[in-house]
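This report refers to the structure that appears directly beneath it.
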Amino acid sequence: MTQKDQFIYYMEHSAGLAAGTQKDYIWALSKISDTIARIKNVDTFDIYQVQDVQELNEIIGALEQDDEFKRHITALRMYRKFISGSNPVMPNNKEQNKDVDFRQIIFFGTPGSGKSYRVKVLTEKKRIHRTTFHPDSDYASFVGCYKPTMKDGEISYSFSPQVFTEAYIDAWKNSKEEVYLVIEEINRGNCAQIFGDLFQLLDRNSDGYSDYRIKADSDLRDYLYGVLGEGHEGIKNGELCLPPNLRIFATMNTSDQSLFPMDSAFKRRWDWEYVPVDYSEPKSNFIITLGEKKYRWLEFLQTINQRIFKTTNSEDKQMGNFFIKADVSESEFKSKVMFYLWNEVCRDEYGTQNNFFRFIQNDKDIIEFSFNDLYQKDGCKKLQGFMDYLGVPPLSLTEGTEEEQEEPEQD
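Residue numbers for the sequence shown, in the numbering used here: 598 to 1008.
Below is the structure:
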């Protein structure tokens, strides 16, 4: 079995990566090989010949400052975990390690690419504590604070633990079980404000514990003394330390214009896994109904994402295969898909050649339109003409009938 074959096996059986992600990483490593060959001025370079972690770290260091290679570096980091000793158990061995060995991962990608689904699969039947960050999130809503309560007709104050503290206690009390703190849309919040000094705990040693213990604030310390006990390792000497069974998963939409960019110190403490759009995912083979015509969602998606990339020179605004959750009507398609395309991509391009909000009329005339035009009397015709302009063919009557007959079997 070649080094490449072993790496593929590792991604599937040890890292638990989906087939689409594996394919994306293999493609990325091939691009890295071509780039390094060009830099070294040699005919060819095989990344799979690199089996020394230090050599691979030098390659990563040379590329990580270049935004163009951000996704490639994610693949390189996965390859680094493979060669650093986390070797997979080969198929002829009865035991296979299917655990994900990351401590903190941010799953990033376009809206609807399946980031939350990926997290759901990895945390299935585990102990989960979930939250969603937003611009008003802060340390108190993440960790906890004193809040007033009514007792015997009088107001008293007690510490109200929030999701981080709940996950922290759960992990220390159930040390033999995996506990997950899941943060949805992490980049929508001010991470520096929300985590405070806690971000130092994200540095883990080889045993999975925090490298650096930090002093808990007095309110949190006293609460943990009461729940865990003063001598407990989780609050020993009034200090916090993440246990190895507490893992933190987060999701991030690349399309979101974050009000609070993450600083490099915070980013370094996470592993990053790119979740690509999967145009072959059968679970997202939805149907778009526009008047009397029907279209395949995945055909439309692949075409429109190419247009988005051409217009923005970026993949960040592309849509994922789960951007919609089921078959959609004309009304739903307009309000969700077309609104997103207009608001995020085409609104500022109206009147320019970059605007792809155009439809074909009378089989020859190409006419520009705005989002508001879709709500006029001939809005449906415009949408059908929009599909013609993109080159997305409607389903035949036979195909449409077959789809409707197959739909109940998918439930």
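Beta carbons are placed, not taken as given, at the ideal position from N, Cα and C, and that holds for glycine.
Would you say residue i and residue j are within 8 Å of each other, going by their C-beta atoms?
i: R810; j: E836; result: yes
i: P708; j: N850; result: yes
i: Y653; j: I680; result: Strictly speaking, residue 653 in this sequence is Leu, with Tyr absent from that position. Yes, they are a contact pair.
i: R801; j: N771; result: no
i: Q790; j: D735; result: yes
i: G917; j: G711; result: yes
i: Y645; j: K678; result: no
i: T900; j: L817; result: no
i: I670; j: I633; result: no
i: T886; j: E830; result: no
i: K907; j: I921; result: no
i: F919; j: W939; result: no
Note down, in chain order, each residue of its chain lying with its Cβ closer than 7 Å to the Cβ of residue i, except the 5 sequence neighbours on either side.
i: G982; result: F956, I957, Q958
i: K717; result: none
i: S852; result: T707, P708, D913, K914, E941
i: W869; result: T671, I703, F705
i: A616; result: none
i: N952; result: C943, E946, E965
i: P758; result: G741, Y820
i: I832; result: A813, R818, L821, Y822, L825
Beta strand (DSSP E) containing residue i: first to last residue?
i: C742; result: 741-748
i: Y871; result: 868-871
i: I780; result: 776-781
i: Y806; result: It is not in any beta strand (DSSP E) - Y806 carries neither H nor E in the DSSP assignment.
i: L971; result: Taken as a continuous stretch (DSSP letters only), L971 belongs to no beta strand (DSSP E), as it is neither H nor E.
i: F705; result: 701-706
i: I725; result: 724-729
i: Y754; result: 751-758
Give me, in chain order, the residues of the same chain whose beta-carbon lies closer than 6 Å to that of residue i; leave out the 5 immediate sequence neighbours on both sides.
i: N684; result: Unreliable placement is indicated for N684, whose pLDDT of 44 sits below 50; no coordinate value is reported for it.
i: L778; result: H726, A764, I845
i: L992; result: K891
i: R715; result: F704, V872
i: T848; result: F704, K712, S713, E781
i: F930; result: I885
i: M859; result: C788
i: D621; result: P873
Which value, in whole angstroms, describes the spacing of the CA atoms of residue i and residue j?
i: F966; j: F954; result: 6 Å
i: V760; j: Q701; result: 16 Å
i: T728; j: V740; result: 11 Å
i: T746; j: I752; result: 6 Å
i: I963; j: M608; result: 47 Å
i: G888; j: F936; result: 18 Å
i: D985; j: Q973; result: 19 Å
i: R785; j: F792; result: 14 Å
i: Y876; j: K914; result: 16 Å
i: F897; j: W624; result: 24 Å
i: D970; j: K961; result: 20 Å
i: V989; j: L895; result: 10 Å
i: W867; j: L799; result: 8 Å
i: A737; j: D819; result: 15 Å
i: R865; j: C977; result: 48 Å
i: E878; j: L719; result: 18 Å
i: S807; j: L673; result: 25 Å
i: D767; j: S630; result: 44 Å
i: F857; j: K628; result: 32 Å
i: E1001; j: Q619; result: Because E1001 carries a pLDDT of 49, less than 50, the predicted location of this residue cannot be relied on, and no value is offered for it.
i: W769; j: L839; result: 8 Å
i: V697; j: L614; result: Unreliable positioning characterises V697 in this predicted model, as indicated by a pLDDT of 43, which lies under 50. A coordinate reading is not provided.
i: Q651; j: M675; result: 15 Å
i: V639; j: Q648; result: 19 Å
i: Y754; j: G823; result: 15 Å
i: K748; j: S803; result: 47 Å
i: H610; j: Q603; result: 10 Å
Mind checking which residues open and close the alpha helix (DSSP H) that includes residue i?
i: N902; result: 894-909
i: S713; result: 712-719
i: F939; result: Note on identity: in this sequence residue 939 is Trp, with Phe being the wrong assignment. Neither: W939 is in no alpha helix (DSSP H) and is coded neither H nor E.
i: G982; result: 976-987
i: M849; result: Taken as a continuous stretch (DSSP letters only), M849 belongs to no alpha helix (DSSP H), being part of the beta strand (DSSP E) at 843-850.
i: I605; result: 600-610
i: F863; result: 861-864
i: Q790; result: 788-792
i: S815; result: 815-825
To the nearest whole angstrom, what separates the beta carbons of residue i and residue j, a pair I think is in contact under 8 Å?
i: N902; j: V925; result: Not a contact, Cβ separation roughly 17 Å.
i: Y743; j: F756; result: 6 Å
i: R775; j: N842; result: Here the sequence assigns Glu to residue 775, which means Arg is not the residue at that position. The Cβ separation is near 5 Å, so the contact holds.
i: L821; j: A813; result: 7 Å
Excluding the five sequence neighbours on either side, which residues of its own chain have a C-beta within less than 8 Å of the C-beta of residue i, listed in chain order?
i: T909; result: V942
i: R904; result: F953, L987
i: T641; result: S630, A634
i: A923; result: F883
Is residue i near the ligand ADP, judged by its Cβ being under 7 Å from some heavy atom?
i: V989; result: Looking at this structure, you won't find the ligand ADP or any other ligand, since it has none at all.
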